[in-house]
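Q: Residue numbers (this note's numbering): 17 to 183.
1. Look at the Cβ atom of residue 36, then the Cβ atom of residue 63, and state whether they are nearer than 8 Å.
2. Do residue 110 and residue 184 come within 8 Å of each other at the CB atom, strictly closer than that value?
3. What separation, rounded to the nearest whole angstrom, lies between the Cα atoms of residue 182 and residue 41?
4. According to DSSP, residue 127 sits in a beta bridge with which residue or residues?
5. Please report the residue range of the alpha helix (DSSP H) in which residue 116 lies.
6. Can you say whether residue 99 is buried or exposed, counting buried as having 16 or more other CB atoms within 10 angstroms of its CB?
7. Identify which residue in 78, 59, 21 has its Cα closest to the Cα of residue 51.
8. How about residue 151 and residue 96: do their beta carbons lie closer than 8 Å?
9. Measuring only the C-alpha atoms, how far is residue 83 from residue 123?
10. Classify residue 59 as buried or exposed, calling it buried when 16 or more other Cβ atoms lie within 10 Å of its own Cβ.
11. Considering only the beta carbon of each residue, do residue 68 and residue 85 sit closer than 8 Å?
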């Protein structure tokens with residue numbers, strides 16, 4: 017079982033203050049590695065990680081510094097990459113569903129159901145493409161990287177919703 021001997025230099029990882037980095041010396045490790053960098057969060061899977069976060073927020077290890085510009089950029093780009101992956105996977109799936117509908121319409125072979133489905137599927141596809149374009153433009157925002165207004169992802173019915181993961 018690991019226990020914390022000391023910790024210092026806490027610094028937030030992101031503008032939302034969801035996790036922080038600090039230098040920690042642990043006791044009880046089979047490896048005597050001395051001081052190590054550690055990321056702590058309130059929902060850490062280990063009790064000592066949650067404890068370190070709570071103690072750091074309580075300023076037991078000194079003032080918690082705001083994230084560096086480099087750390088903010090890394091955090092924002094990582095979040096964007098995750099959202100972009102979801103958008104791209106969704107766009108690819110929609111494109112696979114859309115192509116046969118377009119082929120049927122172009123060849124004059126579309127059934128009534130296909131004729132009805134085509135504009136709806138196209139609108140959904142276009143909405144996800146527009147979302148992906150907006151994601152690609154976050155660096156153009158005035159507050160970047162410290163303050164990013166994330167675009168809301170489209171819903172299946174082409175309306176947008178707030179993404180709770182970004183709240």
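Heads up, the beta-carbon is just placed ideally off N, CA and C, and yes, glycines get one too.
A: Based on what the coordinates show:
1. Cβ atoms of residue 36 and residue 63: not closer than 8 Å.
2. A query on residue 184 cannot be resolved here, the shown segment of the chain reaching from 17 to 183 and no further.
3. Unreliable positioning characterises residue 182 in this predicted model, as indicated by a pLDDT of 45, which lies under 50. The coordinate reading is nonetheless provided below. Distance between residue 182 and residue 41, taken at the CA atoms: about 33 Å.
4. DSSP, once it has assigned bridges, lists no residue as partnering residue 127.
5. Counting along the chain, the alpha helix (DSSP H) containing residue 116 begins and ends at 85-122.
6. It counts as buried.
7. With distances taken between Cα atoms, residue 51 lies closest to 21.
8. Cβ atoms of residue 151 and residue 96: closer than 8 Å.
9. Going from the Cα of residue 83 to the Cα of residue 123 covers about 57 Å.
10. By the C-beta density criterion, residue 59 is exposed, having fewer than 16 other C-beta atoms within 10 angstroms.
11. Against a cut-off of 8 Å, the Cβ pair of residue 85 and residue 68 comes out as no contact.
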